[in-house]
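Inspection log for the structure reproduced underneath, given as structure tokens.
Numbering (the numbering used here), first residue to last: 11 to 439.
What follows is the structure in structure tokens.
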């Protein structure tokens with residue numbers, strides 16, 4: 011029974027519910043054409059925006075190692091004159107390299123942070139006046155060749171105001187260290203779990219409960235974008251806030267499909283950079299929850315449940331090892347003395363190795379199996395032994411960020427993680 015309780019706390023009811031909704035959405039979509047499945051169409055649609063109506067906006071800070079490759083990837087989708095780079099207080103050659111690629115460049119000083127850079131770019135280039143759609147793209151991200159051909163059909167539904175991109179990890183160039191490859195594989199596993207088990211169900215028409223349109227590679231209608239406070243003060247990141255704005259202002263529906271809008275991003279392969287990025291993400295999430303609060307509706311109800319489950323699951327991951335150690339010690343002491351006190355017997359039976367194996371480690375292993383099957387990378391099964399350690403680290407970062415979110419506000423200014431220079435211009439697979 012204890013193992014089952016642990017499994018529920020670790021996996022979360024939200025994951026189970028949204029996974030079932032996703033399965034229902036998948037079953038309901040069978041028999042339709044691919045385009046109608048992606049659009050989730052049940053009623054009349056308009057023609058999707060054309061390529062000439064799409065602007066690409068990139069905020070970059072000290073990204074000289076990757077910015078040219080990102081621009082080349084974006085140039086495979088739209089002409090260079092539709093690509094807009096905001097160099098946010100860069101101290102390297104980011105702005106010069108972007109200009110040499112023939113795209114539009116805004117060189118900001120001092121550093122305003124990503125949200126401030128995006129807001130400045132939208133205003134400076136008058137994107138909401140000149141285009142129907144803005145594609146937000148991170149400087150370390152490469153959209154797949156079919157990104158727009160699969161993403162734009164979602165916008166044939168007039169209710170859809172944003173399309174959340176499908177994140178994939180960029181493995182080329184590979185990390186030179188075993189720890190780096192472990193971190194990158196763990197991040198890809200997170201993408202698989204969140205996007206297949208949660209986001210696909212959350213994007214169902216009746217739910218419209220997607221909690222984040224990731225800023226790494228996503229689309230926004232400019233009619234909705236002009237209503238969003240992109241650079242809300244006091245937040246360390248912008249994408250949670252922009253998504254919450256869509257829901258709070260009831261601007262429309264957010265769509266997502268795992269076969270649409272795929273892009274490849276370079277995840278951190280150094281522990282220091284990984285910790286910094288996860289801390290930043292967690293802090294941004296909690297700050298956004300604090301800013302917006304909870305309201306009525308499916309999204310806000312799901313968000314409240316998710317908040318509770320994230321806190322509980324984090325506590326479980328942090329406490330399971332010390333509780334198991336205490337329980338094993340108490341069990342040994344109870345067996346060594348005659349007539350042990352009741353509290354010692356109770357503590358000795360509180361948690362067993364079997365409980366941890368079935369309730370904590372097995373569910374985590376199943377996530378690795380899902381990732382290995384989905385990405386066709388059997389190496390994830392080898393890395394799975396170390397993944398629980400990273401989940402404990404994530405739990406600690408999550409709870410410390412929760413405390414910081416109610417402390418001093420953030421400026422939003424950023425420091426990019428160390429990059430691995432990309433040499434190949436081809437779309438990663």
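Positions of the beta carbon are idealized from the N, C-alpha and C atoms, including for glycine.
Contacts around residue i, its chain only, beta-carbon distance under 6 Å, and the 5 residues preceding and following it disregarded
i	result
residue 340	354, 357, 358
residue 105	97, 115, 117
residue 265	164, 170, 173, 213
residue 297	245, 415
residue 24	315, 316, 319
Straight-line gap, residue i to residue j (C-alpha atoms, nearest Å)
i	j	result
residue 383	residue 376	11 Å
residue 239	residue 77	26 Å
residue 323	residue 332	15 Å
residue 327	residue 396	14 Å
residue 335	residue 398	17 Å
residue 273	residue 351	59 Å
residue 231	residue 371	42 Å
residue 175	residue 229	8 Å
residue 60	residue 143	9 Å
residue 216	residue 167	14 Å
residue 155	residue 205	20 Å
residue 151	residue 275	4 Å
residue 201	residue 389	16 Å
residue 291	residue 348	52 Å
residue 31	residue 267	13 Å
residue 207	residue 381	11 Å
residue 26	residue 209	12 Å
Integer-rounded CB distance, given that residue j should sit under 8 Å from residue i
i	j	result
residue 179	residue 222	Going by Cβ atoms, the distance from residue 179 to residue 222 rounds to 17 Å, so no, they are not a contact pair.
residue 160	residue 269	7 Å
residue 157	residue 87	6 Å
residue 404	residue 308	Between residue 308 and residue 404 the Cβ distance is about 27 Å, and since that is not below 8 Å, they are no contact.
residue 277	residue 197	4 Å
residue 189	residue 393	The Cβ separation is near 11 Å, so there is no contact.
residue 153	residue 108	Not confirmed; about 17 Å, so no contact.
residue 337	residue 361	4 Å
residue 342	residue 219	Contact flag wrong, Cβ pair sits at about 47 Å.
Assigned exposure category for residue i - 16 Cβ within 10 Å defines buried
i	result
residue 124	buried
residue 314	exposed
residue 303	exposed
residue 416	exposed
residue 379	exposed
residue 364	exposed
residue 134	exposed
residue 391	exposed
residue 306	exposed
residue 407	buried
residue 112	exposed
residue 401	buried
Contacting residues, own chain, Cβ-Cβ under 7 Å from residue i (five flanking each side not counted)
i	result
residue 130	96, 116, 118, 122
residue 345	none
residue 103	74
9 Å Cβ cutoff met for residue i and residue j
i	j	result
residue 248	residue 22	no
residue 141	residue 92	yes
residue 262	residue 29	no
residue 13	residue 369	yes
residue 227	residue 146	yes
residue 101	residue 72	yes
residue 420	residue 246	yes
residue 411	residue 295	yes
residue 137	residue 235	yes
residue 20	residue 373	yes
residue 128	residue 203	no
residue 148	residue 99	no
Residues of its chain near residue i, where Cβ-Cβ distance is below 8 Å and the 5 sequence neighbours each way are ignored
i	result
residue 409	321, 324, 325, 328
residue 41	Its pLDDT being 47, under 50, residue 41 is placed unreliably by the model, and the measurement read from it follows with that caveat. So no residue of the chain qualifies.
Interface flag, residue i vs chain D, CB-CB below 9 Å
i	result
residue 142	The structure shown has no chain D; it contains just one protein chain.
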